[in-house]
Structures are given as structure tokens and as C-alpha cells.
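First comes the structure, then the notes that go with it.
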Amino acid sequence: MGSNGPVLIFDSGLGGLTVLREARYLLPYETLLYVADDAAFPIGRWPEADLRDRMLSLFGELIAIHRPKAIVIACNTAFTLAGDALRKAYPDVPFVGTVPAIKPAAERTSSGLISVLATPGTVRRTYTRSLIDSFAKQCHVRLVGSDNLAELSERHLRGETVCNEELLTEISGCFLERDGRRTDIVVLACTHYPFLANRFRRIAPWPVDWLDPAEAIARQLVRVLGAKAASSPSSDPDRALFTSNPDDPGLSRLLAGFGLMLSAANGA
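Using our numbering, the first residue of the sequence shown is number 14, and each one after it goes up by one.
Below you can see the structure in the form of C-alpha cells.
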């Protein structure tokens, strides 16, 4: 693909904006294209075969139209399911994936009790279990699947009311006490969740380290781009495409706060 194309950052909704924010900080001269497959949101509820097929088809179109220099899949559910298939189908484009930050959590924990807060799809994925087997065998890792937290995060980010009771219902399973020890790290295994991290801190039964993957993903993007990283400003604006083609002034204002101009899904 052309090295002058944008860096494409993909998520099912607004969660990947946490990664875009870090990427812009580390790569200030890159042109960024944010793509949200909001027509499929929440993708954690899709049957796996259907979701994999959708990802392969959608990325085929995106690559053909926008010729990105790199693609960041800022979604644990999409990448753990379809990452290998996408890399095989489109070998000319470097993909940067998102996986639960289980390795750094295992290296950082003092109590040995870690929780992974994720979508049900990520919790079910063999990829997640293999990360635990590879990097956290010495720890007790609790997988906590939330059906609603990604949607609650979207509502929060759009300025809608999300009450503490709703959030506590989703995160309470993360907190475990055993033999005088307590959970001390919660892995935020969905890019939507960091938008709620400050709320989590206020309502948590005790302090824990909420592990946000966004910075690590952005650092990996820097490594993947290497010498191809842009070294001077571009005249091209940073844009956002949503697959549902929303006509939503509130969304446009929200995206403008992230330096993005909302465009039609066909790239117009």
C-alpha cells in the first residue's frame, strides 16, 4: 500500500478514540482515519463466523479505497477473532492489534490476583486463555465479561446519564479477596472502558490499578511504522467514518473535540 496513505484506526464505536489520542501524541504528523463499524455495534454479541466474515469484507473495502499505510485494530473482540485472518488476507498492510494486557498485569501485580474486564466475546476467546497460560500461570486471573459496559461507555462519552449503580453492577465481579489478599490490577480489555476509568476509581470497593492499553498500542504503532512515520505536517485533515452513516450533529461535535471531521462512510 502507498506509504502516503493515512493510519487507519478501527473500532466498533467510540472506544478506539482512546488509542487515537495516544497515537496523535506519539505521531503528530500522521494523517489519521478513524473508522467505526457502529452499524455492527456491539460486535461482542455477533456469532464468531459472521463477525470474521464481516471484518474481512469491510477491511477489503477500506484498504481498496483509502490505501492505509498501517491499520490499528483498536478492539480486543475484533482482533482476537479476526486478526490472523486479516493479516493473511491483506499481507501488504501492517496491522497493529489489541489484546488484553495480561502480560504487563502479571509483571506488575503484588497480590497475584488479577481481573480482566472485557466483552463476553473477548472472555470466550481462546486467544485470551492462551495469554493467561503464557504469561500469568503464577497468578489467579479472573475473567469478567460485561454485556453492557461498552454501551454504557458510549452513552457516557455522548454526555448521557450513566448512574453509578449501573457501572458497579458491571465491575463488581472484578474484586476478589482470598487468603488476606485482594485484586490489585484490573485489565481494561476493551478500548471503550478507559473513558469510564475515573468513574470506576470512585466507586471501586478498594483502590486497584486500572490498566489502559491505549499507550502500549500507540507505541507498537510507532515501532511498526519505523522510518515510514511522517516527519512533517500534512495538509490532509484527520477524518472519521461511521458505517451507519449517521447524521448526528452531537457526534460531529464530539469528534471535533478529538480533532476529527465526520465524513460519509464512502469516503466522500
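The C-beta atom is built at its ideal place from N, Cα and C for all residues, glycine as well.
Enumerate in chain order the residues of its own chain whose CB-to-CB distance from serine 166 is below 7 Å, with the five nearest sequence positions on each side excluded. Counting from one through the sequence shown, the residue named residue 166 turns up at place 153. Around serine 166: Gly28, His205, Tyr206, Phe208 and Leu209.
Whole angstroms are fine: how far does the CA of valine 109 sit from the CA of alanine 281? Mapped onto the sequence shown, residue 281 falls at position 268. Mapped onto the sequence shown, residue 109 falls at position 96. Any reading at alanine 281 needs caution, since the residue's pLDDT is 42, under 50, leaving its predicted position unreliable; the model's value is listed next. CA-CA distance, alanine 281 to valine 109, rounds to 26 Å.
Rounded straight-line distance, which links the Cα of arginine 191 to that of threonine 44: As a position in the sequence shown, residue 44 is number 31, starting the count at 1. As a position in the sequence shown, residue 191 is number 178, starting the count at 1. Answer to the nearest angstrom: the Cα atoms are 48 Å apart.
Applying the criterion that 16 or more other CB atoms from any shown protein chain within 10 Å of the CB defines a buried residue, is proline 134 buried or exposed? Locating residue 134 in the sequence shown gives position 121, counting from the first residue. The question names proline, but residue 134 is glycine in the sequence shown. By the 10 Å Cβ count, glycine 134 comes out buried.
Arginine 214 (DSSP reduced to helix, strand or coil): Counting from one through the sequence shown, the residue named residue 214 turns up at place 201. Of the three classes helix, strand and coil, the one that applies to arginine 214 here is helix, per DSSP.
Buried or exposed: where does threonine 159 fall if 16 or more other Cβ atoms within 10 Å of its Cβ makes it buried? Residue mapping note: residue 159 aligns to position 146 of the sequence shown, counting from 1. Residue identity differs from the one stated: residue 159 is serine in this sequence, not threonine. Its Cβ being crowded by 16 or more others within 10 Å, serine 159 is buried.
Given histidine 283, which residues of its chain have a CB within under 8 Å of its CB, disregarding the five upstream and five downstream residues? Any property of residue 283 remains undetermined from this structure, which presents the chain solely from 14 to 281.
Counting along the chain, where does the beta strand (DSSP E) carrying glycine 1 start and finish? There is simply no residue 1 to check, as the chain begins at 14 and stops at 281 in what is shown.
State the beta-bridge partners of isoleucine 198 as determined by DSSP. Position 185 of the sequence shown holds residue 198. According to DSSP, isoleucine 198 bridges with Ile127 and Asp222.
Please name the residue, chosen from His153, Leu40, Ala131 and Glu74, that lies closest to leucine 99 on a Cα-to-Cα basis. Position 86 of the sequence shown, counted from the start, is the residue given in the question as residue 99. Considering only alpha carbons, the answer is Glu74.
8 Å Cβ cutoff met for alanine 253 and tyrosine 47: For the purposes of this step, residue 253 is identified with residue 240 of the sequence shown, where counting begins at 1. For the purposes of this step, residue 47 is identified with residue 34 of the sequence shown, where counting begins at 1. Yes. Within cutoff.
Whole angstroms are fine: how far does the CA of alanine 229 sit from the CA of alanine 202? Within the sequence shown, residue 202 is the residue found at index 189, counting from 1. Within the sequence shown, residue 229 is the residue found at index 216, counting from 1. Taken atom to atom, the span from the alpha-carbon of alanine 202 to that of alanine 229 is near 13 Å.
Does chain D have any CB closer than 8 Å to the CB of aspartate 160? As a matter of chain content, chain D is missing from the structure shown, which is built from one protein chain.
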